[in-house]
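K.L.:
In terms of the numbering used here, the sequence shown is residues 632 to 831. We treat Cβ as the ideally placed atom computed from N, Cα and C, and that holds for glycine. If you're wondering where the values come from, they're calculated on a predicted model, not measured in any experiment.
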Amino acid sequence: MRLATLFSIALVCLFYPFIAYAAGVNFFAKGLMHPIVVPTQLISVFALGLLLGQQGWKHIRIVLPVFLVGIGAALIMTRYQSVSWNPEMILLPVAAVTGLLLTLKSQWHMALTLLTALVVALVIGMDSSVPMIPGLQTRKIYAHLAGTGISIFSLLVFITLISHALRNLVSGIILRVLGAWSAAGAVLVLTLLLANAART
């Protein structure tokens, strides 16, 4: 079952670039770079990946496909609905709580990791809309969205697998330290955002 899941993920990651090439490599490449230049998305995916790896294969093999569906649906929704709320005010608290869950080193219920993954997937997806440029072809928009989705999902898989490899190393202390770091980073960024908002 684990091999089948990883094989399916690998096929998704390999298949989409060929489609995107026909639509426009430039837009696909921009989509790939999008999550890297958005710190709130990076820290939330980082914390989620650490948590999934810590929880083990039982959570990984279920949550990853759900995340993939969630991020795909949210990215498509950006074509029809734009966000009227601040995604950072959702992603940062979620990342902070996820980091705290890591430090406790407990086996959490599947519903908790599923809910966390869905929230992160939907918010990141809705926050990754393509700028509306007059005359921009639909296929190029979807190439950008495909690049974004693959980048985010590949990053999550990469962090999850590394986290799973480290889960029992030094009694799990490494993951707990990384969890504390991600929680502190999320709280720090959130504090700065709130402070800047209070000044304006």
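(1) Verify whether the separation of the beta carbon atoms of residue 817 and residue 730 is less than 8 Å.
(2) Could you tell me the alpha carbon to alpha carbon distance between residue 810 and residue 830, rounded to whole angstroms?
(3) So, for residue 798: in the same chain, excluding its five sequence neighbours on each side, which residues have a beta-carbon less than 8 Å away from its beta-carbon?
(4) Would you report the Cα separation of residue 651 and residue 706, rounded to the nearest angstrom?
(5) Would residue 787 pass as a contact of residue 676 if the rule is Cβ separation under 8 Å?
(6) For the alpha helix (DSSP H) containing residue 751, list its first residue and its last residue.
(7) Report, in whole angstroms, the separation of the C-beta atoms of residue 784 and residue 699, which I expect to be a contact under 8 Å.
(8) How is residue 737 classed by DSSP in three states: helix, strand or coil?
(9) Taking buried to mean at least 16 other C-beta atoms within 10 Å of its own C-beta, is residue 761 buried or exposed?
(10) Among the residues of its own chain, which have a CB less than 8 Å from the CB of residue 755, if the five just before and after it don't count?
(11) Report, in whole angstroms, the separation of the C-beta atoms of residue 757 and residue 709, which I expect to be a contact under 8 Å.
(12) Suppose the cutoff is 7 Å on Cβ atoms and the five residues either side in sequence are ignored; what does the same chain contact list for residue 744 look like?
(13) Ordered along the chain, which non-local residues of its own chain (more than five positions away) have a Cβ less than 8 Å from that of residue 714?
P.N.:
Concretely, from the data shown:
(1) For the purposes of this step, residue 817 is taken as the residue at position 186 of the sequence shown. For the purposes of this step, residue 730 is taken as the residue at position 99 of the sequence shown. Going by C-beta atoms, residue 817 is nearer than 8 Å to residue 730.
(2) Looking up residue 810 in the sequence shown gives position 179. Looking up residue 830 in the sequence shown gives position 199. Distance between the alpha carbons of residue 810 and residue 830 is about 31 Å.
(3) As a first step, residue 798 must be located in the sequence shown, where it is residue number 167. If we look at residue 798 and ignore the five residues flanking it on each side, its Cβ neighbours are 684, 685, 687, 806.
(4) Mapped onto the sequence shown, residue 651 falls at position 20. Mapped onto the sequence shown, residue 706 falls at position 75. Unreliable positioning characterises residue 651 in this predicted model, as indicated by a pLDDT of 45, which lies under 50. A coordinate reading is not provided.
(5) Sequence index remark: in the sequence shown, residue 787 carries index 156 (1-based). Sequence index remark: in the sequence shown, residue 676 carries index 45 (1-based). Yes; because the gap between Cβ atoms is below 8 Å, this pair is in contact.
(6) In the sequence shown, the residue the question calls residue 751 occupies position 120. It spans 741-757 - the alpha helix (DSSP H) in which residue 751 sits, taken as one unbroken run.
(7) Position 153 of the sequence shown holds residue 784. Position 68 of the sequence shown holds residue 699. That belief holds up - the Cβ atoms of residue 784 and residue 699 are roughly 6 Å apart, short of 8 Å.
(8) For this step, residue 737 is matched to residue 106 along the sequence shown. In the structure shown, residue 737 sits in coil (DSSP, three-state: anything other than H, G, I, E or B).
(9) The residue you call residue 761 lines up with position 130 of the sequence shown. Residue 761 is buried by the Cβ-count criterion.
(10) Here residue 755 refers to the residue found at position 124 when the sequence shown is read from its first residue. Taken in chain order, the residues that qualify are 666, 672, 675, 676, 702, 705, 718, 722, 783.
(11) Within the sequence shown, numbered from 1, the residue matching residue 757 stands at position 126. Within the sequence shown, numbered from 1, the residue matching residue 709 stands at position 78. Yes, they are in contact, since the Cβ atoms of residue 757 and residue 709 sit about 6 Å apart, within 8 Å.
(12) For the purposes of this step, residue 744 is identified with residue 113 of the sequence shown, where counting begins at 1. Closer than 7 Å at the Cβ level, and outside the excluded window around residue 744, lie 682, 683, 686, 690, 694.
(13) In the sequence shown, residue 714 corresponds to position 83, counting from 1. Closer than 8 Å at the Cβ level, and outside the excluded window around residue 714, lie 757, 758, 760.
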